Amino acid sequence: MSVFMTLLYLYPIHGLFFTKPAVFRPEFMSWFFDPGLGLDSSYYTNLNQPVNNAMLIVITLLLYSYLTLFILRRKVVQNSGKLSKTQKAVLLQASIICFFHSITSFLYVYMQFLYSPQWLRVVAEIGWQTCTGSACVVYLTLNRSLRTQVIKMVFPKSWKIEKRVSQVFII
Numbered sequence: 004m005s006v007f008m009t010l011l012y013l014y015p016i017h018g019l020f021f022t023k024p025a026v027f028r029p030e031f032m033s034w035f036f037d038p039g040l041g042l043d044s045s046y047y048t049n050l051n052q053p054v055n056n057a058m059l060i061v062i063t064l065l066l067y068s069y070l071t072l073f074i075l076r077r078k079v080v081q082n083s084g085k086l087s088k089t090q091k092a093v094l095l096q097a098s099i100i101c102f103f104h105s106i107t108s109f110l111y112v113y114m115q116f117l118y119s120p121q122w123l124r125v126v127a128e129i130g131w132q133t134c135t136g137s138a139c140v141v142y143l144t145l146n147r148s149l150r151t152q153v154i155k156m157v158f159p160k161s162w163k164i165e166k167r168v169s170q171v172f173i174i
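Sequential numbering of the sequence shown, starting at 4, is according to my numbering.
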């Protein structure tokens with residue numbers, strides 16, 4: 004277990020110090036490793052990011068597939084004919100989050116190596132924004148216990164409006 008945890012700490016350090024950085028290219032509205040100066044593009048090759056995105060696609064699909072199979076197998080073991088409300092919510096959350104992460108990762112890997120028209124770059128950018136914000140929106144809309152706790156945290160009882168009678172002076 005400690006070897007696994009060590010690898011988890013070393014992986015981002017490797018990406019930070021030992022790989023070439025991406026450069027924002029305004030004409031493509033995205034970050035690319037080749038700055039487009041007309042030099043040999045192999046000099047700017049950085050396989051860390053595409054490998055990371057490819058691993059994200061595979062690992063996310065595997066983990067969410069395992070979660071789905073676990074829930075479906077549990078339904079069979081319990082001999083119930085249908086999924087419970089909680090099981091449906093978990094499957095829906097997993098599917099939505101997995102979809103956005105996988106599609107966005109694939110688009111960014113594609114864009115690093117192959118020509119992509121402007122509409123695809125815009126779709127990838129919107130996908131990235133959706134990917135980063137969708138998890139919290141999905142959890143807050145589909146997870147009742149989390150939503151309740153967030154409401155309690157944001158609106159404490161001390162803010163609760165009590166029924167009060169106040170005097171009004173008319174001059």
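Glycine included, every Cβ here is placed at the ideal spot set by N, Cα and C.
For clarity, every value in this text was computed on a predicted model and none was experimentally measured.
A distance of 9 angstroms or more separates the beta carbons of SER44 and ALA127.
Taking the CA atoms as reference points, SER108 sits about 7 angstroms from ALA57.
In this structure, the CA atom of LEU11 is about 20 angstroms from the CA atom of ASN49. GLN52 and VAL112 have their C-alpha atoms some 8 angstroms from each other.
Contact annotation: ILE106 and VAL141 have beta-carbon atoms that are not nearer than 9 angstroms. Positions of the alpha helix (DSSP H) runs, each at least 4 residues long and wholly inside the segment 16-90, are given as 51-80 in order along the chain. Per DSSP, the continuous alpha helix (DSSP H) segment holding MET156 begins and ends at 147-157.
Around SER119, the same chain offers no residue with a beta carbon nearer than 6 angstroms, after the five sequence neighbours per side are excluded.
Secondary structure of SER108 (DSSP, three-state): helix.
Scanning its chain for C-beta atoms nearer than 7 angstroms, with the 5 sequence neighbours on each side dropped, one finds no residue around LEU72. GLY130 and LYS91 have their C-alpha atoms roughly 24 angstroms apart. At the C-beta level, PHE36 and GLN115 come within 9 angstroms of one another. Around the beta carbon of HIS17, fewer than 16 other beta carbons sit within 10 angstroms, so the residue counts as exposed.
For TYR14, the closest of LEU42, VAL54, TYR46 by C-alpha to C-alpha distance is VAL54.
Taking the Cα positions, THR9 is about 21 angstroms away from LEU66.
As the crow flies, the alpha-carbon of TYR69 is around 28 angstroms from that of VAL153.
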